[in-house]
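Colleague: Got a structure for you, written out below as structure tokens; questions coming shortly.
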Amino acid sequence: MEQIVHGWSHETARPGLVCLSILAQHRSAKQMSGKVTKALMKVPDLGAVLVDIGRQQRADKLTNGLCIALVERLCKKGDDRGLPVIRAVLTGQVLQEKQIAVVFKSLVLAAHRLNDEIDPEGQVRKELGSTLIDLSRHTGDSSDIIQSVIQEGDLDVEALEMKLDVSIRQQKVLQAPEDVDMTGTRPAKALKLDLHAALERHAATQEAAPLPSCLSASPGDVYDEFSQLFLQIVAQSSEEPALLTTFTQLPTLHRQEAATDCTYAAFFIRIWCGPYPTLARAAALDAVKQGFQAGNAADTDFQAIIPFCLVALLDSSRKVRRAAADLLIQVKAMSPAAPAKGKKLQAWGGNGLYPDGIKVQAMEPEVVSKLLNDVLLPSLEECIMHEDFISTLLHASLDSSAKKTDDKKALSQSTRQSIFASLASHLVASPLLRVKSSLLALLNQIKGVSSVSRTKVLLPAFRWWAALTAEEATVLCQNEQVDPFALHQRFAETVVANDQGGLEFLLSIIQDPASERRPELVRSSFARLRAMWAAMKSDTKSDVSRTMLDIYQNRRNTGDEQQQQQQSVVADEAADLLKNVDLTTDILAHSLSAIQAQTRAVTEAPPNKRRRTSTEANRGSQVYTPAELNKTLRWRRALSSKRTLFAREAAPRRAGSSSAGPRWSEFSRLSGSSMS
10 MEQIVHGWSH ETARPGLVCL SILAQHRSAK QMSGKVTKAL MKVPDLGAVL
60 VDIGRQQRAD KLTNGLCIAL VERLCKKGDD RGLPVIRAVL TGQVLQEKQI
110 AVVFKSLVLA AHRLNDEIDP EGQVRKELGS TLIDLSRHTG DSSDIIQSVI
160 QEGDLDVEAL EMKLDVSIRQ QKVLQAPEDV DMTGTRPAKA LKLDLHAALE
210 RHAATQEAAP LPSCLSASPG DVYDEFSQLF LQIVAQSSEE PALLTTFTQL
260 PTLHRQEAAT DCTYAAFFIR IWCGPYPTLA RAAALDAVKQ GFQAGNAADT
310 DFQAIIPFCL VALLDSSRKV RRAAADLLIQ VKAMSPAAPA KGKKLQAWGG
360 NGLYPDGIKV QAMEPEVVSK LLNDVLLPSL EECIMHEDFI STLLHASLDS
410 SAKKTDDKKA LSQSTRQSIF ASLASHLVAS PLLRVKSSLL ALLNQIKGVS
460 SVSRTKVLLP AFRWWAALTA EEATVLCQNE QVDPFALHQR FAETVVANDQ
510 GGLEFLLSII QDPASERRPE LVRSSFARLR AMWAAMKSDT KSDVSRTMLD
560 IYQNRRNTGD EQQQQQQSVV ADEAADLLKN VDLTTDILAH SLSAIQAQTR
610 AVTEAPPNKR RRTSTEANRG SQVYTPAELN KTLRWRRALS SKRTLFAREA
660 APRRAGSSSA GPRWSEFSRL SGSSMS
């Protein structure tokens with residue numbers, strides 16, 4: 010086996026893996042050697058290749074020995090590169106039942122063996138915790154085996170993830186160059202020495218700086234300290250449940266004023282909407298529910314908490330979704346049944362939930378009651394069962410194009426508009442990127458309500474995202490651990506076909522030179538145009554295609570290699586769009602005339618009329634480089650020789666229908682394939 014991996018190349022890697030799988034089936038089941046493991050890890054996309062081979066022939070002994078070796082490297086060297094391979098193998102139906110159980114148990118044991126010496130920065134433990142959580146929630150054929158291992162060993166995978174996360178955060182605090190002194194008397198390291206002493210200290214002293222009373226973009230050092238303490242307490246809550254109760258009673262959190270002041274809820278909203286472990290997110294939701302129960306909630310409207318409950322219902326953990334459902338039930342219990350006429354309810358978070366006094370679109374009490382009683386509460390069990398159900402539920406309830414099964418329970422147009430506008434206003438106002446991303450995932454399923462498209466209400470959020478610099482967007486995604494690719498896609502999906510304002514903004518992003526520094530933003534904008542193309546009107550298609558042609562033809566030649574590369578991204582995407590969408594013959598005819606006009610300006614003499622011969626009059630004349638001149642002449646010769654052929658091929662299509670025509674690839678072929 011070592012000789013095979015020693016002599017293979019990139020082309021022979023897959024046949025070599027087939028040979029290894031055959032050899033492994035004829036030897037005893039044991040861990041793979043270090044040389045073979047090291048060579049296998051150099052194979053691109055190893056997990057998918059092994060799964061594909063396993064579908065054609067038995068490869069369970071090879072993959073089992075490799076997984077055991079990768080776990081050993083994880084424990085001894087802190088090498089987490091094998092975790093994606095292990096995840097793919099365990100979920101790919103390659104191993105036998107006993108082998109799956111052994112590999113999963115070895116991962117759990119590895120989580121207990123890792124320490125600060127092997128993993129000084131905590132990154133390996135973080136990846137291992139994510140892998141264990143993903144495997145425990147897997148719904149494929151191997152899920153029953155993994156769940157049986159968890160039940161037999163009485164393993165709490167979520168508690169293990171919690172402990173791993175806390176140890177990582179503690180290690181970061183220890184490695185900080187300077188510990189932040191919140192009270193002026195005790196350093197932050199005291200939090201890790203004794204939780205009881207830390208709670209007593211916070212209960213007895215008045216913090217020099219309070220917790221933020223709103224969802225600000227930068228919560229500050231006090232929030233960091235309290236969130237660290239909260240995570241440590243949640244990790245110990247199974248042994249000492251009273252610690253969590255003591256923490257919520259700290260005067261800095263203002264639990265007694267939870268029904269009137271936003272400090273208490275804002276702290277825990279950041280937890281359950283942030284990149285924290287499952288147990289911490291569920292505990293935060295439960296803490297807010299208990300805080301609302303203990304407060305004086307008479308004549309108070311808690312509708313501002315509903316969008317954050319919807320974010321929690323999108324959570325991948327069933328425990329978090331159940332806690333969110335309990336909070337919604339509590340909100341319904343606190344909502345007045347029928348407020349007296351002329352009596353105005355006090356709006357919780359009306360002016361203090363967001364910074365700078367940002368106000369959101371509020372719903373009338375009757376609308377809130379319909380949202381809770383007719384939409385959310387009857388379907389809470391389904392929402393708990395699967396995280397995607399809430400998206401389906403809102404689409405069926407709010408979207409004008411959705412089919413209504415029961416007219417008696419269907420919401421009125423004004424009610425749907427009010428709910429949609431309120432959720433969109435929270436999306437725009439929230440400084441939390443995860444909240445924006447989750448609400449976008451919900452609202453992008455709704456094309457529009459009545460005559461109001463989602464672009465009308467969500468475009469301000471897209472403008473905010475597009476106005477960020479590349480560095481600012483990267484920092485935000487890293488701080489909240491959000492996938493930037495998915496976020497680009499969700500913001501671009503706020504634009505619907507034939508919305509003039511949205512299309513103009515997409516084109517402005519593509520044409521703006523500043524956007525060239527954010528290639529993913531540009532690519533997501535082009536991807537959205539391609540997705541909407543079939544639903545666009547003919548006039549809109551014509552305008553967009555002409556813009557794409559202008560972008561490609563006007564690509565500038567600069568000496569800066571980086572700038573040239575950034576421009577090529579936009580130009581290449583424009584050409585790719587034109588090649589892969591259906592263009593009418595009218596659009597292609599316009600493209601031909603535009604290119605002919607450009608070539609005529611170079612190859613033909615100017616009109617014979619009296620002209621000034623001074624140098625000042627000639628300053629505006631076009632100057633072409635030799636490369637540009639050769640390209641233009643090639644286009645002219647190609648057009649001259651293929652013009653008749655193009656007209657002959659386009660005529661039958663024009664006679665049949667003007668809505669469908671040859672693709673840009675046909676035009677590019679007739680023109681000498683210069684565009685491609």
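Under the working numbering, the residue at position 317 of the sequence shown is numbered 326, and the numbers go up by one with no gaps. Every residue, glycine too, gets a C-beta built ideally from N, C-alpha and C.
State the start and end residues of the unbroken alpha helix (DSSP H) segment that holds Phe311.
Modeller: It is not in any alpha helix (DSSP H) - Phe311 carries neither H nor E in the DSSP assignment.
Colleague: Would you mind reading off the limits of the alpha helix (DSSP H) that contains Arg146?
Modeller: From DSSP, Arg146 is part of no alpha helix (DSSP H); its letter is neither H nor E.
Colleague: Under the assumption that Thr401 contacts Gln355 (Cβ atoms under 8 angstroms), give the Cβ distance between them as a whole number of angstroms.
Modeller: About 34 angstroms; that fails the 8 angstroms criterion.
Colleague: Please report the distance separating the alpha-carbon of Tyr363 from that of Phe311.
Modeller: Rounded to the nearest angstrom, the two C-alpha atoms are 15 angstroms apart.
Colleague: Which two residues bound the contiguous alpha helix (DSSP H) that contains Met394?
Modeller: That run of the alpha helix (DSSP H) goes 389-394.
Colleague: Closest to Ala370 by C-alpha separation, out of Leu407, Ala419, Leu432, would be which residue?
Modeller: In the sequence on display, residue 370 carries Gln and not Ala. Cα-wise, what sits closest to Gln370 is Leu432.
Colleague: My guess is that Gln40 and Gly74 are in contact by the Cβ rule of under 8 angstroms, so how many angstroms apart are they, rounded?
Modeller: Correct: roughly 6 angstroms between the Cβ atoms.
Colleague: Suppose contacts are defined by Cβ-Cβ distances below 9 angstroms. Is Ile399 in contact with Leu319 by that definition?
Modeller: For Ile399 and Leu319, yes; Cβs fall inside 9 angstroms.
Colleague: Gly229 by DSSP, collapsed to three states: which one?
Modeller: Coil.
Colleague: Please report the Cβ distance between Ala470 and Leu436, rounded to the nearest whole angstrom; I am assuming they are in contact, meaning their Cβ atoms lie under 8 angstroms.
Modeller: Yes, they are in contact, since the Cβ atoms of Ala470 and Leu436 sit about 6 angstroms apart, within 8 angstroms.
Colleague: Quick check: the region 469-483 against the region 339-346, are at least 3 beta-carbon pairs closer than 8 angstroms?
Modeller: Not touching, per the Cβ criterion.
Colleague: Note down, in chain order, each residue of its chain lying with its Cβ closer than 6 angstroms to the Cβ of Asp295, except the 5 sequence neighbours on either side.
Modeller: Excluding positions up to five away in sequence, the list reads Ala332.
Colleague: In three-state terms, what does DSSP make of Ala97?
Modeller: Three-state DSSP puts Ala97 in a helix.
Colleague: Over what stretch of residues does the alpha helix (DSSP H) that includes Gln12 continue unbroken?
Modeller: Start and end: 11-16.
Colleague: List the endpoints of the continuous alpha helix (DSSP H) containing Gln375.
Modeller: The sequence as given places Glu at residue 375; Gln does not occur at that position. That run of the alpha helix (DSSP H) goes 374-379.
Colleague: Which residue comes first and which comes last in the alpha helix (DSSP H) that contains Met557?
Modeller: Where Met557 is concerned, the enclosing alpha helix (DSSP H) stretches over 547-562.
Colleague: Our contact map puts Ser409 next to Val458 with C-beta atoms below 8 angstroms; I'd like the distance itself, whole angstroms only.
Modeller: So it is a contact: roughly 6 angstroms between Cβ atoms.
Colleague: Determine whether the beta carbon atoms of Leu220 and Ala275 lie at a separation below 9 angstroms.
Modeller: Cβ atoms of Leu220 and Ala275: closer than 9 angstroms.
Colleague: Residues in its own chain within less than 6 angstroms of Gly63 by CB, not counting five upstream and five downstream?
Modeller: The answer, listed in chain order, is Val103.
Colleague: How many Å lie between Lys445 and Leu322 at the Cα?
Modeller: Computed Cα separation, rounded: 14 angstroms.
Colleague: Which residues bound the alpha helix (DSSP H) around Thr254?
Modeller: Segment 251-257, the alpha helix (DSSP H) holding Thr254.
Colleague: Indicate the three-state DSSP secondary structure (helix, strand or coil) for Ser462 in the structure shown.
Modeller: Strand, per DSSP.
Colleague: Between Val726 and the rest of its own chain, which residues show a CB-CB distance below 6 angstroms, the 5 nearest in sequence each way excluded?
Modeller: What the structure shows of the chain is the stretch from 10 to 685, and residue 726 is not part of that stretch, so it cannot be assessed.
Colleague: Do you know offhand how far Leu141's Cα is from Leu116's?
Modeller: Distance between the alpha carbons of Leu141 and Leu116 is about 8 angstroms.
Colleague: Could I get the ranges of all uninterrupted alpha helix (DSSP H) runs contained in the region 474-508, with 4 residues as the minimum, in chain order?
Modeller: With a minimum length of 4 residues, the continuous alpha helix (DSSP H) runs that stay inside the region 474-508 are 479-489, 493-501.
Colleague: Would you mind giving the Cβ-Cβ distance between Leu449 and Phe500, rounded to the nearest angstrom? I have them listed as a contact below 8 angstroms.
Modeller: Yes, Leu449 and Phe500 are in contact; Cβ-Cβ is about 7 angstroms, under 8 angstroms.
Colleague: Give a yes or no on whether the C-beta atoms belonging to Asp69 and Leu79 are separated by under 9 angstroms.
Modeller: Cβ distance not < 9 angstroms, so Asp69 and Leu79 don't count as in contact.
Colleague: In the DSSP assignment, find the alpha helix (DSSP H) that holds Cys84 and state where it starts and stops.
Modeller: Cys84 -> alpha helix (DSSP H) spans 69-86.
Colleague: State yes or no: is the C-beta of Glu266 within less than 9 angstroms of the C-beta of Gly304?
Modeller: Going by C-beta atoms, Glu266 is nearer than 9 angstroms to Gly304.
Colleague: What's the gap between the Cα of His121 and the Cα of Asn488?
Modeller: Cα to Cα, the separation comes out at about 27 angstroms.
Colleague: For Ala656, which residues from the same chain have a beta carbon less than 6 angstroms from its beta carbon, with the 5 sequence-adjacent residues on both sides left out?
Modeller: Low confidence applies to Ala656: its pLDDT is 49, below 50, so where it sits in the model is not reliable, and the reading given next is rough at best. None.
Colleague: What residues in its chain sit with their C-beta under 6 angstroms from that of Ser577, if we drop five residues either side in the sequence?
Modeller: So the list is empty, once near-sequence residues are dropped.
Colleague: Reducing DSSP to helix, strand and coil, say where Gly91 ends up.
Modeller: Residue state, collapsed to three classes: coil.
Colleague: Would you tell me roughly how many angstroms separate the C-alpha atoms of Ala22 and Leu55, rounded to the nearest one?
Modeller: The straight-line gap from Cα to Cα measures roughly 10 angstroms.
Colleague: Going by DSSP, what residues sit across from Gly457 in a beta bridge?
Modeller: Ser462, per the DSSP bridge assignment.
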